[in-house]
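Written out below as structure tokens is the structure these notes cover.
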Amino acid sequence: MSSYVIEVSQEIIKAGDKDFIGEDELFYSSVREVQSVKTIISKCFVHTFKDYLNLCDLQNVGYLDFYCRYKYDPDTGTIFVPNSTTQRVVAHCKCELPRNPDYFMIQCEGRCKKWYHPPCLEMTEEQARLMKPFLCTADCSLE
Numbered sequence: 050m051s052s053y054v055i056e057v058s059q060e061i062i063k064a065g066d067k068d069f070i071g072e073d074e075l076f077y078s079s080v081r082e083v084q085s086v087k088t089i090i091s092k093c094f095v096h097t098f099k100d101y102l103n104l105c106d107l108q109n110v111g112y113l114d115f116y117c118r119y120k121y122d123p124d125t126g127t128i129f130v131p132n133s134t135t136q137r138v139v140a141h142c143k144c145e146l147p148r149n150p151d152y153f154m155i156q157c158e159g160r161c162k163k164w165y166h167p168p169c170l171e172m173t174e175e176q177a178r179l180m181k182p183f184l185c186t187a188d189c190s191l192e
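What follows is the structure, encoded as structure tokens:
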């Protein structure tokens, strides 16, 4: 038998708006489970969120690649950032959702440096990619 700290999949979490949870996202949890070694099918790779985003940029994500950035507390049903002084989930865009690698976001090259979903700015992904430099608003300058 093997003992490990379970990484919770998104199906278990009953968060209100789960649009910020990625398809390949796992959650750290304090829940412990014991499984027979015979139930293990394959080795998977759990990356930090930053490393996973780099894999996405390189278009090098495989079906065994996952990432973990949050911890789930099953007693309270809350999701938080482990080892963080604020433990708050960082929100982006006008929609105020955390970054999700499943949805295209573009960073403003102006002074704000914020990340946005093109539809939240009433544009397509293609339109946003063609804007050089990308500025979120006419008021955001390249200073």
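Each residue of the sequence shown is one higher than the one before, starting from 50 at the first, in our numbering.
Each residue gets a CB set at the ideal place from its N, CA and C atoms; glycine is no exception.
It should be emphasised that the depicted structure is a prediction, and the values quoted were computed from it without experimental measurement.
Relative to the C-alpha of Tyr121, which residue among Gly111, Lys87, Arg81 is closest?
Arg81
Should the segment 112-121 be regarded as contacting the segment 67-79, the criterion being three or more beta carbon pairs within less than 8 Å?
yes
Beta-ladder partner(s) of Asp114, from DSSP:
Phe94
Buried or exposed: which applies to Pro131, given that a residue is buried once 16 or more other Cβ atoms fall within 10 Å of its Cβ?
exposed
Please report the Cβ distance between Gln176 and Pro167, rounded to the nearest whole angstrom; I am assuming they are in contact, meaning their Cβ atoms lie under 8 Å.
7 Å
Skipping 5 residues on each side, what residues in its chain have a beta carbon closer than 8 Å to that of Asp188?
none
Could you check where the beta strand (DSSP E) with Leu75 kicks off and where it finishes?
74-84
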